[in-house]
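Single-structure report; data block below.
In the numbering used here, the protein residues as written are 2 to 400.
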C-alpha cells in the first residue's frame with residue numbers, strides 16, 4: 002500500500018499545470034504517575050491542483066491504561082488518505098483509513114450474542130463519495146464505506162468481522178432553506194460467530210441560514226426526522242428519531258464574541274421520550290490586539306442529559322508577555338460517568354494549571370503545561386502531570 006501511495010504522489014503533479022504543497026506536524030507528549038508515557042504525533046500533507054487535491058494524514062497515539070483510571074485506547078497508528086477531483090458538475094472523493102493497534106495489550110471488545118470477548122487489532126476502511134450538481138439548487142450525493150476489522154478471540158481465531166455502510170440522497174437549496182432527503186443502509190456480519198445484523202434509516206431534513214440579520218450576527222437551525230428499520234441489541238424495534246439544533250454566533254463588540262448551540266433529540270416508538278438534550282456555549286474575549294500575538298480569555302461550558310449525565314465548564318487564557326512569549330492558564334471541571342469498581346456512578350474531575358508558549362510567527366508553536374488533577378474514584382485522588390507540544394507549519398509552496 003505504501004508503495005502505491007508513493008507512486009500516486011509522483012504521478013499527481015502531471016495532472017495539472019500548477020501544484021501547491023502544504024505540510025504540517027503536531028507533537029504532544031506528557032505523563033504523570035498514572036500514565037507516564039502519554040503522547041501523540043500528527044503529521045500530514047496536502048497536494049492541490051486546479052481541480053483535484055490529495056490529503057495524507059498520519060496519527061500515532063500512545064496512552065497507558067492503569068488500574069485506577071482504565072482507558073479504552075492504548076497505542077495505535079492511523080493513516081488517512083483522501084483524494085478528491087472535480088470534473089464539471091461531478092465530484093469524486095475516494096478515501097481510505099487504515100488503523101493498527103500496537104502493543105502487547107490489545108483493547109477488548111464484548112461480542113454480541115454472548116459470544117464472549119475479542120481483542121481489537123485494527124481495521125482498514127475504504128470509502129467513496131460521489132456528488133452531482135443537477136442544477137444550481139439541486140444536487141445528488143452518495144457515500145459508501147466498508148470496514149474490514151481485525152478482531153481475534155483469545156485462541157487467536159480471526160472473527161472475519163466486516164461492516165458495510167451505504168447512503169445517498171437529494172438536496173435542494175433555495176432562499177436560505179435546504180431540504181434534504183436521504184436513505185442509509187448498514188450491515189454488520191461475522192462468519193466465525195455466525196452473526197449478522199442490518200438496519201436502515203430514511204431521513205428528511207430541513208436547515209436554514211437566515212440572510213437578513215444584523216451585522217456580526219449568525220444563526221443556523223436544522224431539524225431532521227429519521228425513520229428507522231431494524232432492531233437493537235435487545236431485539237426491540239429501533240425507535241424513530243426527531244433531532245433539532247440551533248446555533249447562535251454573535252460578535253458583541255470587536256473584542257468579544259459568543260457562540261451557543263442547543264440540541265434536542267426525541268425518540269418515538271409509540272411513546273414519546275427525550276433521548277438527549279445538550280447546551281454548549283463559548284465566550285471569547287480578545288485584548289492587547291495591537292501586539293503580534295493577541296491575548297485572549299475563553300470561557301466555555303456544556304451540559305448534556307441522555308441515558309448518562311455529562312457536565313463541563315472551564316476557562317482558558319493566553320496572555321502575551323513579550324514578542325512570541327505568552328503565559329497560559331487553564332481550569333476545567335467535569336462530571337462524567339465512570340465504571341471504576343467502588344466509585345460513584347458520576348465522576349467529578351477538576352484540572353487546573355499554568356503553562357508557557359512561544360510562537361515563531363505562523364511557522365511554529367511550542368508550549369508546555371503543568372497540571373494538577375483532582376477526582377473522586379474509590380477515594381479522592383490527586384496527582385500532577387506535564388503536557389507539552391510542538392506545532393509546525395512551513396506554509397504553502399507553489400510549483
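Using N, Cα and C, we set each Cβ at its ideal position, and we do this for glycine too.
> Using 8 Å as the threshold, is the stretch 135–145 in touch with the stretch 102–121, meaning 3 or more CB pairs across them?
Replying inline: no
> Over what stretch of residues does the beta strand (DSSP E) that includes residue 359 continue unbroken?
Replying inline: 347–361
>> Can you look up residue 193 in the DSSP assignment and give me helix, strand or coil?
In response: coil
> So, using beta-carbon positions, are residue 210 and residue 221 closer together than 7 Å?
Replying inline: yes
> So, helix, strand or coil for residue 120, using DSSP?
Replying inline: strand
> Span of the beta strand (DSSP E) holding residue 154?
Replying inline: Looking at the DSSP string, residue 154 is not in any beta strand (DSSP E), and its letter there is neither H nor E.
>> Quick check: what's the CA-CA separation for residue 45 versus residue 33?
In response: 28 Å
> Would the beta-carbon of residue 245 fall within 7 Å of that of residue 272?
Replying inline: no
> In chain order, which beta strand (DSSP E) runs of at least 3 residues are fully inside the stretch 220–301?
Replying inline: 241–254, 257–269 and 273–288
> Taking residue 88 as the reference, which of 63, 104, 54 and 82 has the closest Cα?
Replying inline: 54
> Whose C-beta lies closer than 6 Å to the C-beta of residue 174 among residues of the same chain, with five residues either side of it excluded?
Replying inline: 138
>> Can you tell me which residues form a DSSP beta bridge with residue 111?
In response: 118
> What did DSSP end up calling residue 94 once you bin it into helix, strand or coil?
Replying inline: strand
>> I'd like to know if the stretch 352–367 and the stretch 316–328 are in contact, where contact means that at least 3 CB-CB pairs between them fall below 8 Å.
In response: yes
>> Taking a contact to mean a Cβ-Cβ separation below 7 Å, would you say residue 213 touches residue 179 in this structure?
In response: no
> Three-state secondary structure (DSSP) at residue 188?
Replying inline: strand
> Does DSSP put residue 52 in a helix, a strand or coil?
Replying inline: coil
> Can you give the Cα-Cα distance for residue 17 and residue 341, rounded to whole angstroms?
Replying inline: Low confidence applies to residue 17: its pLDDT is 47, below 50, so where it sits in the model is not reliable enough to give any reading.
> So residue 1 and residue 377 are in contact, right, with Cβ under 8 Å, and what is the actual spacing, rounded?
Replying inline: This structure does not reach residue 1, given that the chain is present from 2 up to 400, and the question cannot be answered.
>> Among the candidates 230, 320, 125 and 163, whose CA atom is the shortest distance from the CA of residue 195?
In response: 163
>> Here's a check: name, in chain order, each residue in its chain whose Cβ is nearer than 8 Å to the Cβ of residue 12, leaving out the five neighbours to either side.
In response: Reliability of the predicted coordinates at residue 12 is poor, the pLDDT of 49 falling under 50, and no value is obtained from them.
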